[in-house]
Structures are given as structure tokens and as C-alpha cells.
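Residues 577 to 710 in this note's numbering are what the sequence shown spells out, letter by letter.
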Amino acid sequence: SYIAAAKIADRIGLVNTMVFTHIPSNILLILVAFAPTLQLAIIFYLIRMTLSQMDVPTRQSYIVAIVSEEERTAASGLTNVSRNIAQAVSPSLTGYIFQSFLSLAAPFVLGGVIKIIYDLTLYFNFRNIKSKDE
577 SYIAAAKIAD
587 RIGLVNTMVF
597 THIPSNILLI
607 LVAFAPTLQL
617 AIIFYLIRMT
627 LSQMDVPTRQ
637 SYIVAIVSEE
647 ERTAASGLTN
657 VSRNIAQAVS
667 PSLTGYIFQS
677 FLSLAAPFVL
687 GGVIKIIYDL
697 TLYFNFRNIK
707 SKDE
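Here you go:
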């Protein structure tokens, strides 16, 4: 999906690629919770995973392009550390949600909704800040 992300970014821009591949990915995450069969849930999840990582190279390219050369390392590091902390906390939080809500669907729905809010926030805050290459 990284190669596809570069081609999509060339056509629609880095921020648009991040957002317009992530939102469908997160809708698919929510649909996993409501899939009537395991097979359909697996299909939704696999398609979701194909789309969900397209933001990684585009995000890194965008960060490097919009911050000054002196700030690039710090900006990339902060972004990656934030992402890794969220990934480290997620399993415990998911377990708590499973236990508290007694619902296997809740983490998928909550995760998808939170990520869609993140995507929309990203879009509305950065859609007019173009990188030098765009």
C-alpha cells in the first residue's frame, strides 16, 4: 500500500491521501463490529489494513516538507513516539472496554469513531497548508 500511497499523493496531495484513505479504512473498522459472519468481518478487516497504512509514508513526507530542516528530526520523532504510545496503550484499553461494556463491538466502533474524528481534525487544520512539492 506504500507504493499506491505515493501514486495517490501525486494526484490528490499528501493531506488528502492521509484523510481520504484513512476514513474509508475506519468505516471498515466499524463495519467489522457489525459483520454478520466471520468471513465478512475478515474481508472488511483485510481491506481496512490495506488502506490504513497509506498514511505512514504520506505523513512522514508531509512533516518533512512543512517543517524547517532544523525541526525535522524532532517533528518526525514526536509523531512516531505519539503513535507508538497510542499503540502500546491500546490493548489494555481494549480489554477494559470489552470488560466494561460487555460488547465485542465496542472497541471497533469506538476506535473507528475516534480515528475518524482525528482524520477530520487533521483535514480541517492542514488542508490549506501545502508542502513545497504540492
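Don't be surprised by glycine CBs; every beta carbon is placed ideally from N, CA and C.
Own chain partners of residue i with C-beta closer than 6 Å, once the 5 adjacent residues on each side are dropped
| i | result |
| --- | --- |
| Ser577 | Thr626, Gln629, Met630 |
| Asp695 | Val595, His598, Ile599 |
| Pro633 | Tyr578, Ala581 |
| Ala681 | Ala609 |
Contact belief for residue i with residue j at Cβ below 8 Å, rounded distance in angstroms
| i | j | result |
| --- | --- | --- |
| Ser601 | Arg624 | 5 Å |
| Val608 | Tyr621 | 5 Å |
| Leu605 | Gly688 | 4 Å |
N-terminal and C-terminal residue of the alpha helix (DSSP H) that residue i is part of
| i | result |
| --- | --- |
| Ala651 | 648 to 677 |
| Ser644 | Premise fails: Ser644 is in no alpha helix (DSSP H) and is neither H nor E. |
| Thr613 | From DSSP, Thr613 is part of no alpha helix (DSSP H); its letter is neither H nor E. |
| Arg587 | 578 to 588 |
| Ala682 | 682 to 702 |
Close Cβ partners of residue i (< 7 Å) along its chain, the five nearest in sequence each way excluded
| i | result |
| --- | --- |
| Ile692 | Ile599, Asn602 |
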